[in-house]
Each structure stands twice: as C-alpha cells, then as structure tokens.
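Student: Please see the structure below; I have some questions.
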Amino acid sequence: MCGIVVAIAQQNIVPVLLEGLRKLEYRGYDSAGLAVIRTQEGPSLERLRSVGRVAELAAQADDLQAQLGIAHTRWATHGIPSERNAHPHISDQLAVVHNGIIENYEILRERLQGEGYTFVSDTDTEAIAHLLHSHLKRGQDFVGAVRATVSELVGAYAIGVISEHEPDTAIVARSGSPLVVGISPNGNFAASDTSALLQVTREVMYLENGDIAVLTRNNVRVLRADGQSVQRPVSTSQLSADAVELGQYRHYMQKEIFEQPRALGDTLAMLGGAHSISPQLFGADAQRVLSETQRVLIIACGTSWHAGMVARYWIEEIAGISCSVEIASEYRYRRSVAEPGTLVVVISQSGETADTLAALKHAKSLGLNLSLAICNVPESAIVRESELRFITRAGPEIGVASTKAFTTQLAALALLALSIGKVKGKLSPEAEKDALDSLRHLPVAIAKVLELEPAIAQWAQGFAMKQHALFLGRGMHYPIALEGALKLKEISYIHAEAYPAGELKHGPLALVDKDMPVIAVAPNDALLEKLKSNLQEVRARGGELFVFADQGFEIPESDGLHILRMPENYGLLSPVLHVVPLQLLSYHAALVKGTDVDKPRNLAKSVTVE
Ligand code: F6R
111 MCGIVVAIAQ QNIVPVLLEG LRKLEYRGYD SAGLAVIRTQ EGPSLERLRS VGRVAELAAQ
171 ADDLQAQLGI AHTRWATHGI PSERNAHPHI SDQLAVVHNG IIENYEILRE RLQGEGYTFV
231 SDTDTEAIAH LLHSHLKRGQ DFVGAVRATV SELVGAYAIG VISEHEPDTA IVARSGSPLV
291 VGISPNGNFA ASDTSALLQV TREVMYLENG DIAVLTRNNV RVLRADGQSV QRPVSTSQLS
351 ADAVELGQYR HYMQKEIFEQ PRALGDTLAM LGGAHSISPQ LFGADAQRVL SETQRVLIIA
411 CGTSWHAGMV ARYWIEEIAG ISCSVEIASE YRYRRSVAEP GTLVVVISQS GETADTLAAL
471 KHAKSLGLNL SLAICNVPES AIVRESELRF ITRAGPEIGV ASTKAFTTQL AALALLALSI
531 GKVKGKLSPE AEKDALDSLR HLPVAIAKVL ELEPAIAQWA QGFAMKQHAL FLGRGMHYPI
591 ALEGALKLKE ISYIHAEAYP AGELKHGPLA LVDKDMPVIA VAPNDALLEK LKSNLQEVRA
651 RGGELFVFAD QGFEIPESDG LHILRMPENY GLLSPVLHVV PLQLLSYHAA LVKGTDVDKP
711 RNLAKSVTVE
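Numbering (the working numbering), first residue to last: 111 to 720.
Quick look at the structure:
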C-alpha cells in the first residue's frame with residue numbers, strides 16, 4: 111500500500127508534493143521520495159529519497175524548486191525499506207512512481223536484463239521504468255510508450271511518470287489501484303486519493319481502470335485503454351480535510367466492495383516476491399507456536415465467524431489438524447474442554463468486539479495460552495491480548511455491513527492454513543507454489559468478478575420485492591451462503607436463511623414456493639453434481655433459482671432458473687471470489703428498497719458491549 115502524488119503547475123510544486131505525501135502517509139511510511147524536472151539551466155531530472163517519514167524528505171527538499179514533479183510514500187512490498195528501493199525509480203532520464211503490485215515483474219525483469227538494462231532495486235516498479243524506456247528507445251512518443259508499457263503489465267497499478275525530454279507533461283495511468291486527477295486554473299495534479307489534492311483544488315476527476323491521463327499546465331486529456339479519448343466527469347469534492355472519502359461511490363459499502371482488489375493486494379503484499387510461505391507472517395514467535403499447535407479453535411462473531419467457518423475446511427484439508435469454530439458469545443459461557451496444544455484464533459475486524467475479547471480471555475483462563483488475533487486494527491484490544499497477530503490491510507471499513515474486512519480475513523486465514531501445513535510438513539512445494547500463485551492473483555480475479563455488477567443489479571430488482579430468501583451452498587461454500595444471507599438481512603431487511611444444500615430435504619424444502627427465491631453458490635467442485643440434484647428439488651417445487659456458478663456448470667438457463675457464471679474457477683480459494691456477488695446482490699436489493707445502506711437500523715459498526 112503506497113501513496114502517489116503528481117503535479118504540474120505555473121508555480122513551484124515541491125510544497126504541493128510534500129503536503130500531498132503527508133496526507134497519504136496512512137498508506138505507508140517506510141520511505142518517501144520525489145522527482146522533479148528543473149528547468150533553470152535546461153531541463154534536468156532531480157530525485158530525492160529518504161528512508162523514513164515525509165518530514166525527512168521535506169528537510170532535504172528545502173531549496174528545491176520546480177513546476178513538474180512526482181512523489182511517493184511507500185509501504186514496502188518488493189524489497190526491504192531502503193533508499194535503494196524507495197520510489198521514484200529511474201531509467202535514464204525518466205522517473206516513475208507506482209502504487210500496486212505487478213504480478214509479471216519477474217518475467218519483465220528477466221527480459222529487460224536480456225536487453226541490457228541493469229536493475230539497482232528489488233522493486234517491481236523498476237521494471238516499469240525500464241520497460242517504458244525500452245518503448246521510448248524503439249521510437250514511440252511519450253504517450254504511446256506509456257500505453258505500450260501498461261498493456262504489458264499484469265496486476266494492479268497506479269503510476270505517475272515524468273521525463274527530462276518532456277518538461278511540460280506528466281502522465282498518469284491506473285488499473286486496480288486508485289487514482290484521482292485534480293484540476294485547477296493554476297495547474298493539474300493527481301494523487302492516490304482526494305485528501306492529498308484538497309490543498310490545491312476541489313475539482314476532481316476519478317480515472318477508471320485502464321485510463322491514461324496526460325497532464326499539462328492547462329489541460330488534462332484522458333485516453334481509454336484502447337487509445338480513444340474519453341471525458342470523465344469532473345465533480346466538486348465535499349470532503350472535509352480529515353474524513354475518509356466516498357469518491358465516486360454512492361455508499362461506503364459499495365466503495366468497500368469495490369476496494370476489495372486493493373484491500374487483498376495490500377493484505378497479501380507482505381508476501382512480497384517470496385517463493386515460499388513464512389510462518390513469521392504471524393509474528394516472530396510463530397514458528398514455535400505453530401509447531402506446538404495440535405488443533406485450532408477459532409472464535410469470532412458475525413461475518414468474522416463466517417470467515418472462521420471457511421477456514422475450518424482449509425485448516426483440516428491443508429494442515430491436516432482438527433479445527434473447531436465457535437461463536438464468541440456462546441463459547442464464553444459454555445463449559446468446554448480445554449485441550450492442551452490448542453491454538454486459539456480470534457478473528458475481528460474492529461478488534462474491540464466485547465464478546466470476542468471476553469471469549470479470548472476466557473480461553474486463556476482455561477489455560478489455552480497459544481493465541482493469534484486476525485484483525486484490521488493494529489492497536490486494538492484483541493490484538494494486544496494475543497500472542498501472535500496478523501493485521502489485515504483492508505483500511506478503515508465504514509459501512510456497517512462488513513465486506514472487504516471479510517475477504518481480507520479469508521486471505522489471512524488461507525495463509526494461516528498454509529503456514530500450519532508447512533510447519534507440520536503437510537505442504538508439498540508444488541502445493542505451496544500453486545497456493546501462493548492463486549493468492550497473488552486474487553486481486554485481479556476479484557476485479558473480474560466485480561464486472562458482474564450490472565447483471566446482479568438486474569437480479570436485485572425482482573429480489574427487493576420478496577419477503578424471504580433462502581441461500582444454499584455446500585462444503586466450504588456453506589459459510590459463504592450464510593454470509594450472503596447475513597448481508598441481505600442486515601441492509602435490505604429481507605428475511606434470509608442459509609442451509610447446506612444437502613439439508614434442504616430435511617425441512618426447509620417445505621418453505622419453497624414461487625415467492626421464495628433460492629440463491630445457490632455453485633462452484634465447480636467435487637460436490638457440484640450433488641448440488642445440482644438439490645437444485646432440481648427446488649425447481650420441482652416451483653421455486654425460483656438464482657445460481658452463481660463457475661465455468662463448466664452446464665444446466666442451461668430457463669424460466670425460473672437464472673445463472674451467472676463466475677469468470678474463473680478458483681479451487682480452494684473459491685469462497686473468496688464467491689462471496690463478492692452475494693455482497694453486490696444485497697447492496698443492490700437494499701438500493702431498490704431505499705434503506706440506509708451504510709447505517710442499517712438497530713446496528714452499530716463496533717459492538718463493544720455484550
Ligand atoms: C456483519 C458484521 C458483523 C461483524 C461482527 C463482528 O456485516 O459486520 O456481523 O462481523 O459484529 O465484528 P468484528 O469483526 O469487528 O469483531
């Protein structure tokens with residue numbers, strides 16, 4: 111997670127770059143840097159970098175003056191925090207800042223080394239700088255070279271580029287990572303979020319995935335990925351200087367659903383370019399704790415409990431040790447058997463949930479001293495109470511209905527299952543590599559799922575009129591059905607229940623008629639044929655089915671049977687993908703019903719009372 115700022119103006123932009131970085135420090139602060147084109151004696155590129163806070167960089171930049179520049183504050187992913195790895199990265203006379211993760215950087219790096227480029231950092235960003243340079247060398251113009259470069263990038267990026275040969279232009283581009291352009295009569299700017307731009311303008315333009323914007327002192331030109339010029343709407347930001355911005359979204363919940371590629375990328379960024387899992391992701395003492403672990407007890411509430419339920423499948427399958435999952439408010443009052451060698455895993459977005467905190471203390475009072483918190487808030491009570499910790503990097507979650515916190519918890523739990531599997535010698539090198547590849551690809555895979563939004567919004571129209579809904583899933587997708595039902599209840603107030611599909615015939619089938627929509631999560635796994643039979647049972651009773659299927663689900667759509675196919679089949683990590691359309695479905699059903707999406711009635715974000 112990093113922050114970028116770009117500025118081109120009539121006046122000195124160095125203070126603008128520095129103030130922008132200060133606003134973006136929440137996105138990372140292990141190094142900061144800037145590059146400018148000075149024009150006093152002909153254009154010349156100058157770069158300053160510092161390992162540490164923006165204040166240190168500002169001290170170095172005391173005398174610097176320029177009208178064009180880029181800046182960056184870093185949260186290290188590829189390569190340790192050091193001056194060498196700090197942005198901007200340079201290739202000859204051009205400089206690049208980048209927020210995101212380039213998945214194919216190793217391939218690019220090898221190819222560019224073959225062409226004679228020397229790499230001086232461990233970052234993925236340096237590959238972008240040299241790639242851009244290689245396109246310029248082949249005779250492309252500045253814009254053409256940026257287009258050619260981004261077309262070769264796999265992964266997520268927001269970049270800002272300047273060149274000594276182009277003293278009147280800055281180019282920015284984005285896909286997957288956020289980028290907003292700020293427009294003013296005195297110049298044009300871009301940054302990772304609006305808070306960094308409020309110092310110079312409130313007129314902002316949100317770039318879409320694939321967009322490239324060419325900034326000059328008095329103009330902004332936007333090109334789509336196919337090279338066509340496009341107008342993006344300019345709006346006036348209402349953001350107060352310290353609020354979490356809503357951007358182009360109607361609600362925080364919608365924003366947070368769409369932030370999931372970024373949130374997962376940031377959460378998984380600590381893997382860096384590693385080829386193997388390190389238990390140390392969970393703390394310095396994790397190797398010892400995990401080797402003492404003989405079984406796992408997961409404790410959580412609500413959505414976090416659903417994440418724990420998915421993890422049970424992963425831990426038992428990947429690590430081969432038993433795992434139980436408890437609702438915190440039940441566990442703390444139940445007389446349970448405390449077995450030695452139990453790792454207590456507490457999951458909480460806020461880290462302040464009273465029941466979860468009390469259940470953790472209860473477990474410790476029973477002598478269960480191996481504990482791990484998976485949490486989104488670093489300094490929270492639950493984190494402080496636990497021996498090991500994994501901090502998810504979802505960023506602040508404002509919408510009461512949890513979305514990005516859930517998928518980042520799943521990512522953390524997948525890493526946990528893999529780490530225990532590794533410590534226990536249950537993880538083959540091939541399985542480890544496959545799992546790492548799938549994890550790293552998650553942000554891109556989720557971005558593709560989000561493209562289903564228009565079709566899901568259409569489904570939601572009919573849905574919103576219903577009083578009840580039934581969600582079905584099997585295996586590790588049963589908790590996903592539970593999560594889909596919870597989301598729908600919470601924000602649209604439609605009564606929803608979830609069942610493992612095999613349980614249907616043992617009771618709930620009695621509820622099924624034309625007024626009870628049935629939503630099925632249907633991944634292409636070993637249980638698919640069984641699930642299809644369960645769905646036939648619904649169809650035979652006149653129930654209307656809405657199926658989120660994988661590729662390869664071969665029943666054709668017909669009256670009363672609606673199917674949306676997920677872009678990719680995702681094996682063990684499939685629950686992370688399959689929850690996303692259910693989040694969108696409840697969001698759009700709530701929109702149609704006109705409820706208060708971000709603050710549903712009777713609920714609160716942090717449940718700090720029992
Ligand atoms: C549902 C939701 C709640 C929380 C639950 C636990 O959308 O957000 O069910 O998951 O209150 O909260 P945390 O994770 O903060 O402990």
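Cβ atoms here follow ideal geometry from the backbone N, Cα and C, with glycine treated the same way.
#1: According to DSSP, which residues form a beta bridge with TYR267?
#2: Count the other CB atoms, across all protein chains shown, that sit within 10 Å of the CB of ALA545; report buried if there are 16 or more and exposed otherwise.
#3: So, at 6 Å on beta carbons, what are the nonlocal neighbours of ILE776 in its own chain, with the 5 sequence-adjacent residues on each side left out?
#4: Would you list, in sequence order, the uninterrupted alpha helix (DSSP H) runs of no fewer than 4 residues that lie entirely inside the segment 424 to 466?
#5: Which partner residues of GLY652 appear in the DSSP bridge assignment?
#6: Contact between the segment 411 to 423 and the segment 454 to 468: three or more CB pairs below 8 Å?
#7: Please confirm whether any heavy atom of ligand 1 lies closer than 7 Å to the CB of SER460.
#8: Under the rule that 16 or more other beta-carbon atoms within 10 Å means buried, what is LEU713, buried or exposed?
#9: Under the criterion of a Cβ to heavy atom distance below 7 Å, does THR377 qualify as lining ligand 3?
#10: Compute the distance between the beta-carbons of GLU262 and THR183, then report whether it is under 8 Å.
#11: Give the secondary structure of SER261 by DSSP, where H, G and I count as helix, E and B as strand, and everything else as coil.
#12: Measuring only from the beta carbon, is THR304 closer than 7 Å to any heavy atom that is part of ligand 1?
#13: Find out if the Cβ-Cβ distance for the pair GLU213, HIS688 is shorter than 8 Å.
#14: Once the 5 residues before and after HIS243 are set aside, which same chain residues still bring their CB inside 7 Å of it?
#15: Would you call GLN370 buried or exposed, if buried means 16 or more other Cβ atoms sit within 10 Å of its Cβ?
#16: Could you say which of VAL164, GLN150, LEU144 lies nearest to LEU158 if we only look at CA atoms?
#17: Assign LEU598 to one of three DSSP states: helix, strand, or coil.
#18: Could you tell me whether any non-hydrogen atom of ligand 1 is closer than 7 Å to the CB of GLY594?
#19: How is the alpha helix (DSSP H) around PHE573 delimited, first residue to last?
#20: Using a Cβ-Cβ cutoff of less than 8 Å, which residues in the same chain neighbour LYS640 once the five nearest sequence positions on both sides are dropped?
#21: Please give the ranges of any beta strand (DSSP E) in the segment 274 to 330, keeping only runs that are unbroken, at least 3 residues long and fully inside the region.
#22: Alpha carbon to alpha carbon, how far is GLU440 from ARG499? Give it in angstroms, no decimals.
#23: For a test of your reading of the model: does the CB of VAL411 fall under 7 Å from any non-hydrogen atom of ligand 1? Yes or no.
#24: Counting only the same chain and skipping the five closest in sequence on each side, list residues whose C-beta sits under 7 Å from that of ASP465.
#25: Is the distance from the Cβ of ALA608 to the Cβ of ALA632 below 8 Å?
#26: Under 8 Å between the Cβ atoms of ILE604 and ALA699?
#27: Can you name the residues that DSSP bridges to GLN577?
#28: Report the rounded CA-to-CA distance for ILE601 versus SER538, giving the unit in angstroms.
#29: So if DSSP puts CYS485 in a beta bridge, which residue, or which two residues, is it bridged to?
#30: Any heavy atom of ligand 1 closer than 7 Å to the Cβ of THR463?
#31: In angstroms, rounded to a whole number, what distance separates the CA positions of ALA511 and PHE368?
#32: Under 8 Å Cβ to Cβ from SER231, same chain only, skipping five residues before and after it: list those, please.
#33: Suppose you measure from the CA of ASP336 to the CA of THR259; what does that come to, to the nearest Å?
#34: What would DSSP say about GLU156, mapped onto helix, strand or coil?
#35: Compute every distance between the C-beta of ALA448 and the non-hydrogen atoms of ligand 1, then say whether any falls below 7 Å.
#36: If you measure between the beta carbons of VAL291 and MET315, is that distance less than 8 Å?
Tutor: The answer reads as follows:
#1: GLY210, GLY286
#2: buried
#3: Look at the range of the chain in this structure, 111 to 720, and you will see that residue 776 is not part of it.
#4: 438 to 441
#5: Beta-bridge pairing links GLY652 to no other residue.
#6: yes
#7: The closest heavy atom of ligand 1 lies less than 7 Å from the beta carbon of SER460.
#8: LEU713 comes out exposed.
#9: Among the ligands present in this structure, namely ligand 1, ligand 3 is not found.
#10: no
#11: Helix.
#12: no
#13: no
#14: SER201, ASP202, LEU204
#15: buried
#16: When each option's Cα is compared against that of LEU158, the closest is LEU144.
#17: helix
#18: No; taking the cut-off as 7 Å, the Cβ of GLY594 has no heavy atom of ligand 1 nearer than that.
#19: It spans 563 to 573 - the alpha helix (DSSP H) in which PHE573 sits, taken as one unbroken run.
#20: Excluding positions up to five away in sequence, the list reads ARG584, ALA611, GLY612.
#21: 280 to 285, 290 to 294, 297 to 301, 313 to 316, 322 to 326
#22: 23 Å
#23: Note on identity: in this sequence residue 411 is Cys, with Val being the wrong assignment. Indeed, a heavy atom of ligand 1 lies less than 7 Å from the Cβ.
#24: CYS411, ALA438, SER439, ARG442, GLU720
#25: no
#26: yes
#27: In the DSSP output, where bridge partners are listed per residue, GLN577 has none listed.
#28: 43 Å
#29: SER458, ILE501
#30: yes
#31: 14 Å
#32: Cβ-Cβ distances below 8 Å link SER231 to GLY189, ARG194, ASN195, HIS199 in the same chain, with the five nearest sequence neighbours on each side left out; the list follows chain order.
#33: 13 Å
#34: strand
#35: no
#36: The answer is yes: Cβ separation under 8 Å.
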